[in-house]
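Novice: Residue numbers (UniProt numbering): 1 to 229.
For glycine and all other residues, C-beta sits at the position ideal for the given N, C-alpha and C.
Since the structure is predicted, the reported quantities are computational estimates derived from the model, not experimental observations.
The structure's right below; bear with me while I get my questions together.
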């Protein structure tokens, strides 16, 4: 139950407050993004309360220092909680389970990205690039409709420190086991591929949300059936 919805916390922004919701969904934004893509995602999920994770140095926390290690995220988030987005999400869930810190409350992980967090990225890390190289790389990955945003110096100057911090975070974090090896119930492990560019979750939003609804429904049905057998 979303019983703590009214409690303010710097790490969370509740998108649509639903204190009686049966399930809570926590969104970990992708590398270098403030999370604006996700604020409206919960509108069509009446049984769920969606919360956006606010990383230090983003949105309402712009004055705070950026974090660059998984350990820092563990220390900070487990204070307020009982990958980048994918890595933090995956690492935090594994940490909660490994340390018996309310890991039983985790019912489903949905990860979105161009690759998996346990596999080394074949491309050069942003932490090893110059600012100009990062900008050119972003232009290559971007949706042509939004590519011009990287010509706006104030935006680029704000974004690059985030990307470099996120790159350091992911570069040093590689769990030994793959996702599938860590999934004890094979029926709940599935992979989907979407068209689009770096921010495909925005370009293909309807398709992505439809898939999220399907996964929620499937997982809840599976867990409910498991409880009665």
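Quick one: is residue 82 buried, meaning 16 or more other Cβ sit within 10 Å of its Cβ, or exposed?
Specialist: Per-residue confidence for residue 82 stands at a pLDDT of 38, beneath the threshold of 50, marking its modelled position as unreliable; no derived number is given.
Novice: Tell me the DSSP secondary structure of residue 55 in three-state form.
Specialist: Looking at residue 55 - three-state DSSP - the assignment turns out to be coil, as it is neither helix nor strand.
Novice: Between which two residues does the beta strand (DSSP E) harbouring residue 25 extend?
Specialist: Taken as a continuous stretch (DSSP letters only), the beta strand (DSSP E) holding residue 25 covers 23–27.
Novice: Would the beta-carbon of residue 70 fall within 8 Å of that of residue 169?
Specialist: Yes; because the gap between Cβ atoms is below 8 Å, this pair is in contact.
Novice: Can you tell me the Cβ-Cβ gap for residue 201 and residue 141, rounded? I've got them flagged as a contact below 8 Å.
Specialist: Not confirmed; about 13 Å, so no contact.
Novice: Please report the distance separating the alpha-carbon of residue 4 from that of residue 22.
Specialist: Confidence in residue 4 is poor, its pLDDT being 48 and thus under 50, which makes the residue's placement too unreliable to answer from.
Novice: Contact between the stretch 138–153 and the stretch 92–104: three or more CB pairs below 8 Å?
Specialist: With a cut-off of 8 Å, the stretch 92–104 and the stretch 138–153 do not count as touching, because too few Cβ pairs lie within range.
Novice: Check this for me: beta carbons of residue 10 and residue 54, under 8 Å apart or not?
Specialist: Against a cut-off of 8 Å, the Cβ pair of residue 54 and residue 10 comes out as a contact.
Novice: Anyone know if the C-beta pair for residue 24 and residue 63 falls short of 8 Å?
Specialist: No, the pair does not count as a contact, with Cβ atoms beyond the cut-off.
Novice: By how many angstroms is the C-alpha of residue 94 removed from the C-alpha of residue 195?
Specialist: Cα-Cα distance, rounded: 29 Å.
Novice: Of the choices 41, 13 and 20, whose alpha-carbon is the least far from that of residue 206?
Specialist: Out of 41, 13 and 20, 41 has the C-alpha closest to the C-alpha of residue 206.
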